[in-house]
Amino acid sequence: MNKQDLISAVAEISGLSKSDTTKAVEGVFESISAALKKGDEVRLVGFGTFSVSQRKASTGRNPRTGETMTIKASAQPKFKAGKGLKDSVN
């Protein structure tokens, strides 16, 4: 399912127009992104938790040349599925 499929499915379930549903879905994505950017966690009870983890700087190898290179530290978004989501899949 891609973003447009998600918007269509939500519009069908909710009875909203596609343009209103697009605004709502975009708003949810933007809100989650903004919270993660601030370092906050987003907990959706029964669905899951979005959080940010910090990766340390490390050294790696360029696969083409074999030369060592430094991989800088970065923040990575994470998602941990909640019990309700896990149960609905199984």
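Per numbering that gives the first Met the number 0, the very first residue in the sequence shown carries number 0; after that it's consecutive.
We put the CB at the ideal spot given by N, CA and C, even for glycine.
Since we're looking at a predicted model, the values are computed, not measured.
Report task. Using a threshold of 9 Å, state whether the C-beta atoms of residue 41 and residue 30 are closer than that. Result -> yes
Query raised in the report: Looking only at DSSP bridge pairs, what is residue 68 linked to?
Result: 59
Requested in this report: Could you check what DSSP says for residue 47 in three-state terms: helix, strand or coil?
Outcome: strand
Query - Simplified DSSP assignment, three categories, for residue 77 - result: Judged by DSSP in its simplified three-state form, residue 77 adopts strand.
Query - Rounded C-alpha distance that separates residue 17 from residue 27 - result: 15 Å
Requested in this report: Evaluate contact between the region 77 to 84 and the region 45 to 59, counting only Cβ atoms and requiring at least three cross-stretch pairs below 8 Å.
Outcome: yes
Requested in this report: Work out the CA separation of residue 20 and residue 64 for me, nearest whole Å.
Outcome: 48 Å
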